[in-house]
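So the sequence shown is numbered by the working numbering: it starts at 130 and just counts up by one. No residue lacks a Cβ here, since even glycine has one placed at the ideal position from N, Cα and C.
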Amino acid sequence: MSETTLKVTFWEIADWTKKKTAKGKKRPKPWGVRWVTEKKSHSEWFANKAQAINRRSDLMKAARLGEEFDVETGLPLSELKRKNSFSFLEFAQSYVDMKWPDSAAKTRSSTVDALATACAAFVKSGPGRPELTELRGVLTRHLLPPTTRDGQLDREQQEVVDWLVRYSRPLYDMTDAVAVREVLDALATKLDGKSAAATVYSRKRAVLFNLLALAVERS
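Put into structure tokens, the structure is as follows:
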């Protein structure tokens, strides 16, 4: 197990805007956040000062709240867990893989439908976000059912898949009650924006909670 510490020291923001690279060029990221966990030094560099100030503020907030830091990486434990977490999509796929062999066709369809809705909603902001119908479509037909994951995709479908793989949020984010509520709201809403039937919502919610229970069991 990695060593952790509450002993974290922060330095002032480093300004290397006037320092050149070895080739005599301006540094692309001249603003540095520097800190020490126990006796191990860490730094992260940014293109502008505001980014560096925000990052330093986040790290200092974690320290003020009494959060332990990983000595080796210098990261707060919550951030390290998030960084190392499966994506929600990856865990949803593993969940479907586990349930698939012993499930009836109707149960398989219901599980995929529920998790397609959840996976399409539980994503990070990113450029070129596909339409919700496109996200749910590739999840339902290609990414979730184990029998179709190796199927051929056209260029547009592959772009949607690539976006989902890149921007699916970490499973660890589901420890946040607000995040869970956002997904539950998505389960309660149809593609046209109208409310889903109570029976549909209950079915989808049951699948999500079963998945989250498995995640807790494996953590």
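Item	Value
Which value, in whole angstroms, describes the spacing of the CA atoms of Met-130 and Val-225?	Low per-residue confidence applies at Met-130: pLDDT is 49, beneath 50, and the placement is therefore not dependable, though the value from the model is reported in the following sentence. Distance between the alpha carbons of Met-130 and Val-225 is about 30 Å.
Can you give me the C-alpha to C-alpha distance between Leu-261 and Ala-249, rounded to a whole angstrom?	7 Å
Helix, strand or coil: how does DSSP classify Asp-199 here?	strand
If you count every other CB in all the chains shown that lies within 10 Å of the CB of Thr-138, and 16 or more means buried, which is it?	exposed
Can you tell me where the beta strand (DSSP E) holding Trp-174 begins and where it ends?	169-175
Whole angstroms are fine: how far does the CA of Leu-218 sit from the CA of Ala-192?	31 Å
To test your reading of the DSSP string, which unbroken alpha helix (DSSP H) runs of 4 or more residues are found completely within the region 291-337?	306-316
Below 7 Å between beta carbons: does that hold for Tyr-301 and Arg-211?	yes
Is there at least one non-hydrogen atom of the ligand ATP closer than 6 Å to the beta-carbon of Thr-150?	The ligand ATP is absent from the structure shown, which contains no ligand whatsoever.
Is the CB-CB distance between Lys-158 and Ala-176 below 7 Å?	yes
Measure the Cβ-Cβ separation of Val-312 and Ala-247 and say whether it is below 7 Å.	yes
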